[in-house]
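K.L.:
In my numbering, the protein residues as written are 39 to 123.
Cβ coordinates follow ideal geometry from the N, Cα and C atoms, glycine included.
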């Protein structure tokens with residue numbers, strides 16, 4: 039494997055990690071919504087969880103730019119790095 043292929047593979051895995059981190063940001067709001075079925079939720083916790091996901095569009099923007107760079111360098115859209123040889 040050449041240095042270029044290794045760099046592309048590392049960047050693809052980092053981009054995948056960024057996507058997972060972006061999804062993980064929604065766990066607190068989901069937990070609070072589930073918790074609200076049984077008891078009232080704390081407004082401060084609800085505000086914190088909304089604030090946590092308020093900048094998700096920036097993560098999506100960085101993810102798309104990184105995906106475009108990977109496409110330009112490798113010629114492939116590598117969204118799932120474990121499926122790319």
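Short of 8 Å in beta carbon distance, which residues of its chain neighbour residue 95, apart from the five on each side in sequence? Order them along the chain.
P.N.:
none
K.L.:
Are residue 84 and residue 70 close, meaning C-beta to C-beta below 9 Å?
P.N.:
yes
K.L.:
Does the beta-carbon of residue 116 have 16 or more other beta-carbons within 10 angstroms, so that it is buried, or is it exposed?
P.N.:
Residue 116 is buried by the Cβ-count criterion.
K.L.:
Among residues of its own chain, excluding the 5 on either side of residue 60, which ones have a beta-carbon nearer than 8 Å to its beta-carbon?
P.N.:
So the qualifying residues of the chain are 94, 97, 98 and 101.
K.L.:
Buried or exposed, going by whether 16 or more other CB atoms sit within 10 Å of the CB of residue 50?
P.N.:
Buried is the call here.
K.L.:
From residue 68 to residue 122, what distance separates their C-alpha atoms?
P.N.:
32 Å
K.L.:
Within its chain, find whatever has a CB closer than 6 Å to the CB of residue 104; leave out the 5 residues flanking it on each side and keep chain order.
P.N.:
53
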